Amino acid sequence: MTPSPLWPTDDPPRQGLGLMRLRDPAPGTAAGPDRDPVAVVHAALDAGVTLFDTAEMYGNEGLVGRALAGRRDEVLLCSKFGVVWGPSGRFDDWSVRADRASVLRSCEASLRRLGVDVIDLYYLHHRSDETPIEETVTAMAELVAAGAVRAIGLSNVTVDDLRRASAVHPVTALQEEWSLVSDAAEPFLPALAELGTTLVAHSPLGHGRLSGGGDTPADVRAALAGPAARLDATPAQVALAWVHHQRRRHGRPVVPLPGATSTGHVRANVAAASIELTDDELTALDAARAGSHRAPA
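Using full-length UniProt numbering, the first residue of the sequence shown is number 1, and each one after it goes up by one.
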């Protein structure tokens, strides 16, 4: 188990901010004060959030750099490379470029757009079927040695990929989905414990399914209602608190990475980190979660 260069292995940041949806207003429009993208980032900083996560495919690294200008030393800045949009612009039109030349080129471009000298945590965004993970991680290790990157992470990979990558260079973080409607992270837990890699749980609100929308599974919605009423919290806050509780229950660091499009969302998400759920509430949420994953009869 190799200590992380970013944080003690057992004490990573409590919660991050996913920046996938951070956007400048469309031309000719103006965002309200609570939805101004710079205000959203500053609200998170002011609330004590230190880990900020973007990616080259999000198309907003320049905006992120502007939002963090003057406050860079308060931030663990994360970005991801490897996913490239196709010419159609469709959401399903993308490919992965993870060869050595692409890794080095992507990092140079991200540093320029972000306006920084170093990226704290640099992820491979998605595994490649063409490039062996060893080649990709060797190139990432070159970036660490050159001082362009402080630590490396992986996202959208397999457990075998994680182990093979870790044999080349320590992997500080694995980013995978974990929520009341997704158990995608759970197969990785034994390897994460063995390797000393931190789980960064993206989409802890299930891509919006747990944010109060109508597509929340009925059992999960019912299980969220009781704690929400007891705590005077929203169901989304309770759902996010469930992810926070997994750190204690599994004895491993877990960093939830909710997104936010308003300063109010930021404050609500930060407040959720302090919510204490009872054992009975956790048991009920676990049961509802298991039911939501069952295939229809």
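In this text, a Cβ means the ideal position worked out from N, Cα and C, and glycines have one as well. No experiment lies behind these values; they were computed from the predicted model shown.
Check: Run of the alpha helix (DSSP H) containing residue 313, from where it starts to where it stops; Outcome: Given a span of 1 to 297 for the chain in the structure shown, any question on residue 313 remains unanswerable.
Check: Beta-carbon gap between alanine 233 and alanine 272 smaller than 9 Å; Outcome: yes
Check: Alpha-carbon to alpha-carbon, glycine 16 and glutamate 186; Outcome: 20 Å
Check: Whole-Å CB distance - arginine 100 paired with alanine 148, under 8 Å assumed; Outcome: Not a contact, Cβ separation roughly 14 Å.
Check: Nearest-angstrom beta carbon gap, tyrosine 122 and cysteine 107 [assumed within contact, 8 Å]; Outcome: 7 Å
Check: Inter-residue Cα distance where the pair is alanine 55 and threonine 198; Outcome: 19 Å
Check: Environment of proline 227 [buried if 16+ CB atoms lie within 10 Å]; Outcome: buried
Check: C-beta contact flag for glycine 291 and aspartate 183 at 9 Å; Outcome: no
Check: Straight-line Cα distance separating histidine 245 from alanine 223; Outcome: 16 Å
Check: In DSSP terms, what histidine 122 is bridged to; Outcome: Just to set this straight, residue 122 is tyrosine in the shown sequence, not histidine. DSSP lists Ser79, Ile152 as partners of tyrosine 122.
Check: Which listed residue (Thr158, His125, Val116, Ser102) has its alpha carbon closest to that of glutamate 142; Outcome: Ser102
Check: Aspartate 120 to histidine 250 span [Cα, whole Å]; Outcome: 26 Å
Check: For histidine 207, the three-state DSSP class (helix, strand or coil); Outcome: helix
Check: Residues bridged to aspartate 53 [DSSP beta-bridge criterion]; Outcome: Gly18, Cys78
Check: Helix, strand or coil at threonine 198 [DSSP, three-state]; Outcome: strand
Check: Endpoints, the beta strand (DSSP E) within which valine 116 is located; Outcome: Valine 116 -> no beta strand (DSSP E), and no H or E assigned at all.
Check: Endpoints, the alpha helix (DSSP H) within which tryptophan 242 is located; Outcome: 235 to 250
Check: Classification of arginine 21 by the beta-carbon crowding that lies within 10 angstroms, buried from 16 upward; Outcome: exposed
Check: Cut-off 8 Å between Cβ atoms - residues of its own chain near phenylalanine 52, not counting five sequence neighbours on either side; Outcome: Gly16, Leu17, Leu19, Val41, Ala44, Val64, Leu68, Val75, Leu76, Leu77, Cys78
Check: 9 Å Cβ cutoff met for alanine 193 and glutamate 176; Outcome: no
Check: Three-state secondary structure (DSSP) of glycine 259; Outcome: strand
Check: Close Cβ partners of arginine 71 (< 7 Å) along its chain, the five nearest in sequence each way excluded; Outcome: Leu45
Check: Reduced DSSP category for valine 96 - H, G, I as helix; E, B as strand; rest coil; Outcome: strand
Check: Counted within 10 angstroms of its Cβ, other Cβ atoms place arginine 230 as buried (16 or more) or exposed; Outcome: exposed
Check: Bounding residues of the alpha helix (DSSP H) (the contiguous stretch that carries aspartate 219); Outcome: 218 to 231
Check: Alanine 225 to aspartate 215 span [Cα, whole Å]; Outcome: 15 Å
Check: Extent of the continuous alpha helix (DSSP H) to which leucine 63 belongs; Outcome: 61 to 68
Check: N- and C-terminal bounds of the alpha helix (DSSP H) containing aspartate 160; Outcome: 159 to 168
Check: Span of the alpha helix (DSSP H) around isoleucine 133; Outcome: 133 to 146
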